[in-house]
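Chemist: FYI, in the UniProt record's numbering the residues of the sequence shown are 1 to 138. Note that CB positions come from ideal geometry on N, CA and C, so glycine has one too. All figures in this text were calculated on a predicted structure; none of them were measured in a lab.
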Amino acid sequence: MKIIPVTCAIIIHQGKVLLAQRSEVMDLPGKWEFPGGKVEMGEDPKACLIREIGEELGIQILIKTELTPVDFDYPTKKIRLIPFVADWTGGEIILAEHAQVGWYDQNQLFLLDLAPADIPIVHELTEKWVNLVAPNQR
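1. With a cut-off of 8 angstroms on the beta carbons, I'd call Ile93 and Gly54 a contact; round off their distance for me.
2. By DSSP, does Ile59 sit in helix, in strand, or in coil?
3. Ordered along the chain, which non-local residues of its own chain (more than five positions away) have a Cβ less than 6 angstroms from that of Lys46?
4. Taking only runs of the alpha helix (DSSP H) that begin and end inside the UniProt domain "Nudix hydrolase" (1-127), which ones reach a length of at least 4 residues, in chain order?
5. Distance check for His98 and Val130, CA to CA, integer angstroms please.
6. Tell me the rounded alpha-carbon separation between Ala9 and Pro35.
7. Leaving out five residues on either side along the sequence, give the residues of the same chain with a beta carbon under 6 angstroms from the beta carbon of Gly37.
8. Going by alpha carbons, who is nearest to Glu24 out of Leu111, Gln106, Glu127, Gln100?
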């Protein structure tokens, strides 16, 4: 089975990170995830993420760093989830695909019903929280 490259954004704003809840019409309805989307053929992953966040949420981001990609086997597909830490630089959130979004601190992340591929990313994020998120608390 071919591995599908998918990007996701860990968007930081005022010391919290943005997660989005998948809508009822999406795969894994009701699960929370870092927003993003599939990389198109020949597309740069960073360019993909900037495009997807604009399409799905209506906001602009500045990508800061990449975290460890996660390979995950779902029953009908295999994905490689490529996470990027990013700052929110502009725009107002408009929900094009997701049911809702929320800003969460480190202690709240594991209380959410997360999409399985996002769980390893949350682990890495919480381990690196002080260096990645804390400087953005102002």
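Modeler: Quick look at the numbers:
1. That pair is no contact at about 11 angstroms.
2. coil
3. Ile63
4. 45-57, 119-127
5. 29 angstroms
6. 6 angstroms
7. Glu52
8. Gln100
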